[in-house]
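Student: Listed in order, the protein sequences are those of chains A and B.
Each position in the first sequence, counted from 1, maps to that position plus 5 in our numbering.
Each position in the second sequence, counted from 1, maps to that position plus 255 in our numbering.
Glycine is no exception: its CB is placed at the ideal position from the N, C-alpha and C atoms.
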Amino acid sequence: MLKIENLHARVAGKEILKGLSLEAKPGEVHAIMGPNGAGKSTLGNVLAGRPGYEVTGGSVGFDGSNLLELEPEARAAAGLFLAFQYPVEIPGVNNTYFLRAALNAQRKVRGETELDSMQFLKLVREKVKAMGMTPELLNRAVNEGFSGGEKKRNEVFQMALLEPRLAILDETDSGLDIDALKLVANGVNSLRSPERTFLVITHYQRLLDYIVPDFVHVLADGRIVESGDAQLARELEAHGYAWVRERTPAGAEA
Amino acid sequence: MNTATPFVQSMHDAAASLRLPGSGLAWLDGARADALHGFAERGLPDQHNELWKYTSLRALSQRAYVVGDAEAAWREVDLVALGLPALQGPRVVFVNGVLRTDLSSLDALQEGVKVRSLASALHEAPEPLRFLLDKRADDEDDGFTLLNRALAADGLVLNVAAGAVVPAPLHIVHVGVAAQTAGALHVRSLVELGEGARLDVVEHHLGEPETGHLTNLVREIDLRERAQLRWTVIQRAGADATLFQHSKVRLHDDAVFDLHALELGGKLVRHEIRADLAGARARCGSRGAFVLHGRQHADMEVLVTHRGRDTQSTAVWRGVADDRARGVVHGRILVLPGADGADGSFYNKNLLLSPGAEIDTRPALEIYADEVKANHGATVGQLDERVLFYLRSRGIPLELARRILVRAFCTVALDGIESAPLREHCETLLAEQLPEVAA
Numbered sequence: 006m007l008k009i010e011n012l013h014a015r016v017a018g019k020e021i022l023k024g025l026s027l028e029a030k031p032g033e034v035h036a037i038m039g040p041n042g043a044g045k046s047t048l049g050n051v052l053a054g055r056p057g058y059e060v061t062g063g064s065v066g067f068d069g070s071n072l073l074e075l076e077p078e079a080r081a082a083a084g085l086f087l088a089f090q091y092p093v094e095i096p097g098v099n100n101t102y103f104l105r106a107a108l109n110a111q112r113k114v115r116g117e118t119e120l121d122s123m124q125f126l127k128l129v130r131e132k133v134k135a136m137g138m139t140p141e142l143l144n145r146a147v148n149e150g151f152s153g154g155e156k157k158r159n160e161v162f163q164m165a166l167l168e169p170r171l172a173i174l175d176e177t178d179s180g181l182d183i184d185a186l187k188l189v190a191n192g193v194n195s196l197r198s199p200e201r202t203f204l205v206i207t208h209y210q211r212l213l214d215y216i217v218p219d220f221v222h223v224l225a226d227g228r229i230v231e232s233g234d235a236q237l238a239r240e241l242e243a244h245g246y247a248w249v250r251e252r253t254p255a256g257a258e259a
Numbered sequence: 256m257n258t259a260t261p262f263v264q265s266m267h268d269a270a271a272s273l274r275l276p277g278s279g280l281a282w283l284d285g286a287r288a289d290a291l292h293g294f295a296e297r298g299l300p301d302q303h304n305e306l307w308k309y310t311s312l313r314a315l316s317q318r319a320y321v322v323g324d325a326e327a328a329w330r331e332v333d334l335v336a337l338g339l340p341a342l343q344g345p346r347v348v349f350v351n352g353v354l355r356t357d358l359s360s361l362d363a364l365q366e367g368v369k370v371r372s373l374a375s376a377l378h379e380a381p382e383p384l385r386f387l388l389d390k391r392a393d394d395e396d397d398g399f400t401l402l403n404r405a406l407a408a409d410g411l412v413l414n415v416a417a418g419a420v421v422p423a424p425l426h427i428v429h430v431g432v433a434a435q436t437a438g439a440l441h442v443r444s445l446v447e448l449g450e451g452a453r454l455d456v457v458e459h460h461l462g463e464p465e466t467g468h469l470t471n472l473v474r475e476i477d478l479r480e481r482a483q484l485r486w487t488v489i490q491r492a493g494a495d496a497t498l499f500q501h502s503k504v505r506l507h508d509d510a511v512f513d514l515h516a517l518e519l520g521g522k523l524v525r526h527e528i529r530a531d532l533a534g535a536r537a538r539c540g541s542r543g544a545f546v547l548h549g550r551q552h553a554d555m556e557v558l559v560t561h562r563g564r565d566t567q568s569t570a571v572w573r574g575v576a577d578d579r580a581r582g583v584v585h586g587r588i589l590v591l592p593g594a595d596g597a598d599g600s601f602y603n604k605n606l607l608l609s610p611g612a613e614i615d616t617r618p619a620l621e622i623y624a625d626e627v628k629a630n631h632g633a634t635v636g637q638l639d640e641r642v643l644f645y646l647r648s649r650g651i652p653l654e655l656a657r658r659i660l661v662r663a664f665c666t667v668a669l670d671g672i673e674s675a676p677l678r679e680h681c682e683t684l685l686a687e688q689l690p691e692v693a694a
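#1: Go ahead and pull the three-state DSSP assignment for Glu458 (chain B).
#2: I believe Arg562 (chain B) touches Gly520 (chain B) by the beta-carbon criterion, under 8 Å. Please report the beta-carbon distance rounded to the nearest angstrom.
#3: Using a Cβ-Cβ cutoff of 7 Å, what residues of the segment 26 to 59 of chain A are near chain B? List them in chain order.
#4: Within 10 Å of its beta-carbon, does Lys187 (chain A) have 16 or more other beta-carbons around it, so buried, or fewer, so exposed?
#5: Taking its Cβ as the centre, do 16 or more other Cβ atoms sit within 10 Å of Lys628 (chain B), making it buried, or is it exposed?
#6: With a threshold of 8 Å between beta carbons, is Arg678 (chain B) in contact with chain A?
#7: Hey, would you say Arg170 (chain A) sits closer than 8 Å to Gly54 (chain A), going by beta carbons?
#8: Name the DSSP bridge partner or partners of Trp486 (chain B)?
#9: Using only CA atoms, which one of B:Val557, B:Val332, B:Arg564 and B:Asp455 lies nearest to Trp572 (chain B)?
#10: In this structure, does DSSP put Pro618 (chain B) in helix, strand or coil?
#11: Hey, how far is the Cα of Val16 (chain A) from the Cα of Phe220 (chain A)?
#12: For Gly493 (chain B), which residues from the same chain have a beta carbon less than 6 Å from its beta carbon, with the 5 sequence-adjacent residues on both sides left out?
#13: Check each candidate in B:Gly574, B:Ala544, B:Val590 and B:Leu606 and name the one with the smallest Cα separation from Leu600 (chain B).
#14: Rounded to whole angstroms, what is the Cα-Cα separation between Glu76 (chain A) and Asp214 (chain A)?
#15: Kindly give me the distance between the Cβ atoms of Asn471 (chain B) and Asn414 (chain B), rounded to whole angstroms, as I take these residues to be in contact under 8 Å.
#16: Measuring only the C-alpha atoms, how far is Gly66 (chain A) from Val161 (chain A)?
#17: Note down, one range per segment and in chain order, each beta strand (DSSP E) of at least 3 residues found wholly within the segment 88 to 131 of chain A.
#18: Go to Ile21 (chain A), then tell me how far its beta strand (DSSP E) extends in each direction, as first and last residue.
#19: Please state if the CB of Leu283 (chain B) and the CB of Leu388 (chain B) are separated by a distance shorter than 8 Å.
#20: Under 9 Å between beta-carbons, which chain B residues line up against Phe89 (chain A)? List them in chain order, please.
#21: Among B:Glu475, B:Asp595 and B:Leu517, which residue has its Cα nearest to the Cα of His460 (chain B)?
#22: Can you name the residues that DSSP bridges to Ile173 (chain A)?
#23: Run through the segment 191 to 245 of chain A for me and flag every whole beta strand (DSSP E) of 3 or more residues, listed as ranges in chain order.
#24: Give me the chain B residues within the contact set of Glu117 (chain A), using Cβ-Cβ distance strictly less than 9 Å, ordered along the chain.
#25: Hey, is the segment 502 to 516 of chain B in contact with the segment 539 to 546 of chain B, meaning 3+ C-beta pairs nearer than 8 Å?
#26: Have a look at Val249 (chain A) and Arg657 (chain B) and give me their C-alpha separation to the nearest angstrom.
#27: Under 6 Å Cβ to Cβ from Leu606 (chain B), same chain only, skipping five residues before and after it: list those, please.
#28: Just to confirm, are Leu445 (chain B) and Glu475 (chain B) a CB contact at a threshold of 8 Å?
#29: Any C-beta of chain B sitting closer than 8 Å to the C-beta of Gly63 (chain A)?
#30: For the beta strand (DSSP E) holding Ala14 (chain A), just list the boundary residues, first then last.
#31: Give the residues of chain A in contact with Thr666 (chain B), contact being defined as C-beta atoms less than 9 Å apart.
#32: Can you name the start and end residues of the alpha helix (DSSP H) that Gly593 (chain B) belongs to?
#33: Within 10 angstroms of the Cβ of Asp531 (chain B), are there 16 or more other Cβ atoms? Answer buried if so, exposed if not.
#34: At 9 Å on the CB atoms, spell out the chain B contacts of Leu167 (chain A), in chain order.
#35: Who are the Cβ neighbours of Tyr602 (chain B) in its own chain at under 6 Å, not counting the five residues just before and after it?
#36: For Gly398 (chain B) and Glu305 (chain B), I'd like the C-alpha separation in whole angstroms.
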């Protein structure tokens, strides 16, 4: 499903990812943890194809195709979704209109028929109900004036609607209080399925109490330095990231 | 005295031979002669004139025009083919500057609304217009308002009686069609709303692509106490048209003027809006957008004077320029001594879609009163890369993403248009204009 090999990437001339490798299979939930500046968000942005994130080496295979060759919109159509750490506000663009444009653009690329407004509204109603989304938010401009929690819930709602095969959550827990965190986590859990893979990028273990991962990876200085199961996250919480650094033999960068 | 450029010479030649409606009336002849004399002295506005600083008339000055179109009264015009939407209710149609009763429908006019052509008003009953037309050149005049006063042969005379509340909008349609020669069409419209009267006007500018005409349209609007006028201008003039609009609005106590302007067509367009909030608590709102491509040039001059106490003005303008287009937005809020409690704002945002495009924006505040609130802001920028990426990350192709964002940027200018069909029409026109722009 997703195979990242020896990925190197630069942002603004600075090397951030320095040989990152990771493999994820359908149905798996992988948590990526790590200290600030380790390259967690860079990984999400590189995978989604954000301009300004320059890949200087390595490869990313997604369902057998070379993800790095695709434009961001083509990656989305292929089934990749990035839940943003900082969702942008788009004044003047109605949320429902935006979602329909996005879904139909993806369907078109995949050779599926586009949904008319009636079909789309029906789908939206289902998802609103399933995700416990506030319906009023759909009639507003995308993220405009939304609270931090509303923005993150809107990201998860978009995910539910677009039904990606690979969902990347970039610090979706940041800035959320515990109630909002639970809502978001419930949304994500309801989307877990044998066909769908999640990369959950987070700084804190807290989110992983609610979204229990199959694998936990520690990202430090642009590489995965330790992998394990959910237990690893708890150990990190107990010992801090310095603990991983001590356990990683010096000179392993070579 | 300016050396006579071909443009100036052609205007003087025309003035010498034209027979204008109402000529022979001493006061009117005098006013016209004074205006022509003023034009001879001042010539075309040049870039030393602060209000024309970014709009060069060098190319125009080298062209000679015929004044008016002698066949305007009977030219065949297919309004639908030119893009006029299906309109209900009363409408007034001008072809090359001449009011055409055969194309207008005025039988649906409500009681209290009186519409005449300037030409017939001058033939039949000129005296009531004397107050408006018998004027001398002043500081607010420029070469074009003077030419208009000297040479306008037609226009609209619109009166709404005190207390008349008109539910259906009055449509005014200006159509430019090709004539043998490119014409300078001087059109003067005089609008008065009596006390407490209310009216909505929707003005459409349409035209064939290659007419070469210069339309010099001056509106003088007088709003008596508590009158409310909402005016929407949808400008889709022909591709090589030059259009200079000058709107002078005077508001008495508690009067309200709301302008919406969508500037989409033409080659060289300029609109100078002068609102004089003379009465206490008068309110003026203006919103507008231009979307330019190719080598189009648009210049919006929004000049608001707060004269009365507790007067209010708002202005929200959006500009979009692609290719090598050039936009100019100038907003000035002047608060005169004694206009205490005035509240004025002017906001303008602009979007450049190509490295060759340029937009100049200048907000200015001049305040000479106390307890005044005044705000202004102006920006020129490009589409936000973060927002573009957000849309693309959801599967929306770059092209469509740009179009969606430009449209959203402009639709702010349509806020406050209460009529849903009118707003929808404006949105559709904007959307049609954008695919090319955002290519």
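Tutor: On the basis of the supplied data:
#1: Against the second sequence, residue 458 (chain B) aligns to sequence position 203. DSSP places Glu458 (chain B) in strand when its eight states are reduced to three.
#2: Walking along the second sequence from the start, residue 562 (chain B) turns up at place 307. Walking along the second sequence from the start, residue 520 (chain B) turns up at place 265. Going by Cβ atoms, the distance from Arg562 (chain B) to Gly520 (chain B) rounds to 34 Å, so no, they are not a contact pair.
#3: Under the 7 Å Cβ criterion, the segment 26 to 59 of chain A contributes Ala53, Arg55 and Pro56.
#4: On the first sequence, residue 187 (chain A) is found 182 positions in, with the first residue counted as 1. Result: exposed.
#5: Working through the second sequence from its first residue, we reach residue 628 (chain B) at position 373. With fewer than 16 other Cβ atoms within 10 Å, it is exposed.
#6: Sequence index remark: in the second sequence, residue 678 (chain B) carries index 423 (1-based). It does not: the Cβ of Arg678 (chain B) has no partner Cβ on chain A nearer than 8 Å.
#7: In the first sequence, residue 170 (chain A) corresponds to position 165, counting from 1. In the first sequence, residue 54 (chain A) corresponds to position 49, counting from 1. Not in contact: Arg170 (chain A) and Gly54 (chain A) (Cβ atoms no closer than 8 Å).
#8: Here residue 486 (chain B) refers to the residue found at position 231 when the second sequence is read from its first residue. The partner list for Trp486 (chain B) (beta bridge, DSSP) reads B:Val456 and B:Leu514.
#9: On the second sequence, position 317 is the one that residue 572 (chain B) refers to. That would be B:Val557, whose Cα lies nearest to the Cα of Trp572 (chain B).
#10: Translated into positions along the second sequence, residue 618 (chain B) becomes position 363. Strand at Pro618 (chain B).
#11: Along the first sequence, read from residue 1 onward, the residue named residue 16 (chain A) stands at position 11. Along the first sequence, read from residue 1 onward, the residue named residue 220 (chain A) stands at position 215. Rounded to whole angstroms, Val16 (chain A) to Phe220 (chain A) spans 27 Å at the Cα level.
#12: The count along the second sequence starts at 1 and reaches residue 493 (chain B) at position 238. Cβ neighbours of Gly493 (chain B) beyond the five flanking positions: Gly431, Gly462, Glu463, Pro464 and Thr466.
#13: Locating residue 600 (chain B) in the second sequence gives position 345, counting from the first residue. Note on identity: in this sequence residue 600 (chain B) is Ser, with Leu being the wrong assignment. The residue with the shortest Cα to Cα distance from Ser600 (chain B) is B:Val590.
#14: Within the first sequence, numbered from 1, the residue matching residue 76 (chain A) stands at position 71. Within the first sequence, numbered from 1, the residue matching residue 214 (chain A) stands at position 209. About 35 Å.
#15: Working through the second sequence from its first residue, we reach residue 471 (chain B) at position 216. Working through the second sequence from its first residue, we reach residue 414 (chain B) at position 159. Their Cβ separation, rounded to whole angstroms, is 23 Å, which puts Asn471 (chain B) and Asn414 (chain B) out of contact at 8 Å.
#16: Within the first sequence, the letter at position 61 stands for residue 66 (chain A). Within the first sequence, the letter at position 156 stands for residue 161 (chain A). Their backbone Cα atoms lie some 25 Å apart in a straight line.
#17: Within the segment 88 to 131 of chain A, the complete beta strand (DSSP E) segments of 3 residues or longer fall at 95 to 99, listed in chain order.
#18: Within the first sequence, the letter at position 16 stands for residue 21 (chain A). From DSSP, the beta strand (DSSP E) with Ile21 (chain A) extends over Lys19 to Ala29.
#19: Taking the second sequence and counting its residues from 1, the one referred to as residue 388 (chain B) is at position 133. Taking the second sequence and counting its residues from 1, the one referred to as residue 283 (chain B) is at position 28. With contacts defined by Cβ atoms closer than 8 Å, Leu388 (chain B) and Leu283 (chain B) form a contacting pair.
#20: By 1-based counting over the first sequence, the position of residue 89 (chain A) is 84. Chain B residues near Phe89 (chain A): Tyr645 and Ser648.
#21: Taking the first residue of the second sequence as 1, we reach residue 460 (chain B) at position 205. The candidate whose alpha carbon is nearest that of His460 (chain B) is B:Leu517.
#22: Locating residue 173 (chain A) in the first sequence gives position 168, counting from the first residue. DSSP output for Ile173 (chain A) lists A:Leu87 and A:Leu204 as bridge partner(s).
#23: Taking 3 residues as the shortest admissible run, the segment 191 to 245 of chain A contains the following complete beta strand (DSSP E) segments, listed from N- to C-terminal end: 202 to 207, 220 to 225 and 228 to 233.
#24: As a working mapping, residue 117 (chain A) is identified with position 112 in the first sequence. Chain B residues near Glu117 (chain A): none, gap ~12 Å exceeds 9 Å.
#25: Contact holds between the segment 502 to 516 of chain B and the segment 539 to 546 of chain B, because three or more Cβ pairs, one in each stretch, are under 8 Å apart.
#26: By 1-based counting over the first sequence, the position of residue 249 (chain A) is 244. By 1-based counting over the second sequence, the position of residue 657 (chain B) is 402. Roughly 45 Å between the two C-alpha positions.
#27: Residue numbering aside, residue 606 (chain B) sits at position 351 when the second sequence is read from its first letter. These residues qualify, in order along the chain: Val575 and Phe664.
#28: Within the second sequence, numbered from 1, the residue matching residue 445 (chain B) stands at position 190. Within the second sequence, numbered from 1, the residue matching residue 475 (chain B) stands at position 220. Yes, the pair counts as a contact, with Cβ atoms nearer than the cut-off.
#29: Along the first sequence, read from residue 1 onward, the residue named residue 63 (chain A) stands at position 58. It does not; no Cβ of chain B falls within 8 Å.
#30: Walking along the first sequence from the start, residue 14 (chain A) turns up at place 9. Element bounds for Ala14 (chain A): Leu7 to Val16.
#31: Within the second sequence, the letter at position 411 stands for residue 666 (chain B). By Cβ distance, chain A contributes Gly97.
#32: Locating residue 593 (chain B) in the second sequence gives position 338, where the first residue counts as 1. Careful: Gly593 (chain B) lies outside any alpha helix (DSSP H) and carries neither H nor E.
#33: Along the second sequence, one-based indexing puts residue 531 (chain B) at 276. Buried, since its Cβ has 16 or more Cβ neighbours within 10 Å.
#34: Taking the first residue of the first sequence as 1, we reach residue 167 (chain A) at position 162. The answer, in chain order, is Arg649 and Gly650.
#35: Against the second sequence, residue 602 (chain B) aligns to sequence position 347. Hits under 6 Å: Val571 and Gly632.
#36: Sequence index remark: in the second sequence, residue 398 (chain B) carries index 143 (1-based). Sequence index remark: in the second sequence, residue 305 (chain B) carries index 50 (1-based). In a straight line, the C-alpha of Gly398 (chain B) is about 14 Å away from that of Glu305 (chain B).
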